[in-house]
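As numbered in this note's numbering, residues 1 to 118 make up the sequence shown, in order. The block underneath contains the structure these notes are about, expressed in structure tokens.
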Amino acid sequence: MTTTANNSLRVANGFDIDLERLLSVFGMIFGFLGTFMVSIFWSMGAVILLTGEGGTIQQLNLQGIWSTLFWAYPFVAAGSVVLALGAFAVGRVKEAAGIAALPAIGVLLYYLALVQLR
Numbered sequence: 001m002t003t004t005a006n007n008s009l010r011v012a013n014g015f016d017i018d019l020e021r022l023l024s025v026f027g028m029i030f031g032f033l034g035t036f037m038v039s040i041f042w043s044m045g046a047v048i049l050l051t052g053e054g055g056t057i058q059q060l061n062l063q064g065i066w067s068t069l070f071w072a073y074p075f076v077a078a079g080s081v082v083l084a085l086g087a088f089a090v091g092r093v094k095e096a097a098g099i100a101a102l103p104a105i106g107v108l109l110y111y112l113a114l115v116q117l118r
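Structure below.
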């Protein structure tokens, strides 16, 4: 009796892994990680602005839309966490990973606009 290599090692597998969902979980983790790492530095800048102790953020003298965008970051970060978890819960896993990374990408764009346009 002869067998082929394809049939000789066949194992019954009771579950399948949804790779799209798993990779989206990793994308959300990395997106949230970037968001919360930026939050640490944002909080240091906020304390410096509120106390007037000095530093580069104080020297920028943020006014108008620049100041509004700076103070909006924690609300944007919290909103992205809620929206990403909600999108993941309803099955929109790719969108959830993208939404989780939006605040970190937004900070990069804010910094580039602050440097180039101001």
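Where a beta carbon is used, it is the ideal one built from N, C-alpha and C, also for glycine. Here the structure is a predicted model, which means the values were calculated and not measured.
Item                                                                                  : Value
Alpha carbon of V25 to alpha carbon of A97, nearest angstrom                          : 7 angstroms
P74 to L60 span [Cα, whole Å]                                                         : 20 angstroms
C-alpha gap between L49 and V90, whole angstroms                                      : 40 angstroms
Contact check, I57 vs G45, beta carbons under 8 angstroms                             : yes
Whether A100 touches G31 by CB criterion (8 angstroms)                                : yes
Nearest-angstrom Cβ-Cβ length linking S80 and L114, presumed shorter than 8 angstroms : At roughly 20 angstroms, the Cβ-Cβ gap does not stay under 8 angstroms, so S80 and L114 are not in contact.
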